[in-house]
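For the sequence shown, numbering that gives the first Met the number 0 assigns the number 0 to the initial residue and increments by one for each residue that follows. Report on the following structure.
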Amino acid sequence: MITIALSKGRILEEALPLLTAAGVTLAEDPDRSRKLVIETNRPDVRIVLVRASDAPTYVQYGAADLGVAGLDVLHEHGGEGLYQPVDLEIGRCRMMVAVPEAFDYEGALARRSRLRVATKYIRAARDHFGARAVQVDLIKLYGSMELAPLAGLADVIVDLVSSGNTLRANRLRAVEDIMDISSRLIVNPAALKMKHAEVQPMIAAFRAAVESQRGLAR
Ligand code: PRP
């Protein structure tokens, strides 16, 4: 049996065509079901639905053999105990620093002000500002980072930006790029060894599916 950890939402939506191309289709629609374990057309493959930030943990501990996780989540997790053999080229966005339109970010940096930074991505934010010797107080949030400066909780946010619509709608502007994000296939190294005959073809099938999608996109 191979277990694949996926998270509902954009990752599931964009990973499904890759799974299908890899020969795996879900026995039921995860958006209509409350089930967390979903059978597939292959009796030896099942899907577990996890929260996006939990996917690396399931794979690290071998509760899932494979999974899909964004680089944002992998960076926070640290990636210990995980192979990341394929960039699935889905879930693309950028991790950025953003501030209210009226906030003088450049001036604050020049004055070496201490900044209050609200984010879900504590490790990435600490690395980013640490590398620039900017003094920060990090405030951990679990969602809607854009609200923090509007409500006076923070001066600055570190968040994911895709279309930029959420920033614009909340009168924020992006001031620095932290990293380009896409989702990776993650694999438990012990499963790759012990279940090589099952897991290796699955990795190869994902890799081929990505290449074929890339060909279609051209
Ligand atoms: C992400 C991110 C931003 C938004 C950016 O949130 O945190 O809020 O998308 O997208 P845009 O640039 O296209 O507007 P998501 O909806 O994934 O939910 P989250 O707050 O739970 O991360």
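Built from N, CA and C at the ideal position, the CB exists for glycine as well. Just so you know, these numbers come straight off a predicted model, no measurement behind them.
Please name the residue in the options whose C-alpha comes closest to that of residue i.
{"i": "Ala147", "options": "Ala190, Ala109, Ala124 and Val98", "result": "Val98"}
{"i": "Gly80", "options": "Arg167, Ile89, Tyr57 and Met95", "result": "Tyr57"}
{"i": "Ala21", "options": "Ile10, Val44, Lys34 and Asp28", "result": "Val44"}
{"i": "Ser6", "options": "Leu25, Thr19, Ala54 and Glu27", "result": "Ala54"}
{"i": "His127", "options": "Glu75, Ala26 and Pro16", "result": "Glu75"}
{"i": "Met193", "options": "Ile3, Asp64, Ile46 and Leu15", "result": "Asp64"}
{"i": "Ala190", "options": "Ala62, Leu25 and Leu15", "result": "Ala62"}
{"i": "Gly214", "options": "Glu88, Ser112 and Phe102", "result": "Glu88"}
{"i": "Met0", "options": "Ala216, Val47 and Lys34", "result": "Val47"}
{"i": "Gly234", "options": "Arg170, Leu15 and Leu171", "result": "Nothing can be reported for residue 234: it is not among the residues displayed for the chain, which extend from 0 to 217."}
{"i": "Glu100", "options": "Ala168, Val135 and Ala51", "result": "Ala168"}
{"i": "Gly151", "options": "Arg110, Phe102, Thr165 and Ile202", "result": "Phe102"}
{"i": "Ala212", "options": "Leu11, Leu18, Ile3 and Ala4", "result": "Ala is not the amino acid found at residue 212; the sequence shown has Gln there. Checked all of Leu11, Leu18, Ile3 and Ala4; the closest Cα to Gln212 is Leu18."}
{"i": "Thr39", "options": "Glu27, Arg33 and Leu108", "result": "Glu27"}
{"i": "Ala107", "options": "Gly163, Val135 and Asp30", "result": "Val135"}
Which one or two residues does DSSP pair with residue i in a beta bridge?
{"i": "Val36", "result": "Val47"}
{"i": "Ser6", "result": "Val49"}
{"i": "Val157", "result": "Val96 and Thr118"}
{"i": "Val178", "result": "The amino acid occupying residue 178 in the given sequence is Met; Val does not appear at that position. Answer is Met94, bridged to Met178."}
{"i": "Ile185", "result": "Gly66"}
{"i": "Ala173", "result": "Ala97"}
{"i": "Ile89", "result": "Note: Ile89 sits in no beta bridge, so no partner."}
{"i": "Ile1", "result": "Val44"}
So residue i and residue j are in contact, right, with Cβ under 8 Å, and what is the actual spacing, rounded?
{"i": "Ile177", "j": "Val96", "result": "7 Å"}
{"i": "Val186", "j": "Val198", "result": "7 Å"}
{"i": "Val157", "j": "Thr118", "result": "4 Å"}
{"i": "Val155", "j": "Leu114", "result": "5 Å"}
{"i": "Arg41", "j": "Val23", "result": "6 Å"}
{"i": "Val116", "j": "Ala124", "result": "5 Å"}
{"i": "Tyr120", "j": "Met94", "result": "6 Å"}
{"i": "Arg206", "j": "Gln83", "result": "The pair is not a contact, with the Cβ atoms about 12 Å apart (cut-off 8 Å)."}
{"i": "Ala4", "j": "Val36", "result": "At roughly 11 Å, the Cβ-Cβ gap does not stay under 8 Å, so Ala4 and Val36 are not in contact."}
Mind checking which residues open and close the alpha helix (DSSP H) that includes residue i?
{"i": "Asp126", "result": "Ile121 to Ala130"}
{"i": "Tyr57", "result": "Ala54 to Gln59"}
{"i": "Met193", "result": "Pro188 to Met193"}
{"i": "Leu146", "result": "Leu146 to Leu149"}
{"i": "Arg167", "result": "Asn164 to Ala168"}
{"i": "Ala109", "result": "Tyr104 to Ala109"}
If you follow the beta strand (DSSP E) that residue i is part of, which residue opens it and which one closes it?
{"i": "Val135", "result": "Val135 to Lys139"}
{"i": "Gly66", "result": "Leu65 to Gly69"}
{"i": "Val23", "result": "It is not in any beta strand (DSSP E) - Val23 carries neither H nor E in the DSSP assignment."}
{"i": "Met94", "result": "Cys92 to Pro99"}
{"i": "Pro84", "result": "Tyr82 to Asp86"}
Inset, instruction - Taking 8 Å as the threshold, find out whether the segment 132-148 comes into contact with the segment 63-73 through three or more Cβ pairs. - result: Under the three-pair Cβ rule at 8 Å, the segment 132-148 does not count as touching the segment 63-73.
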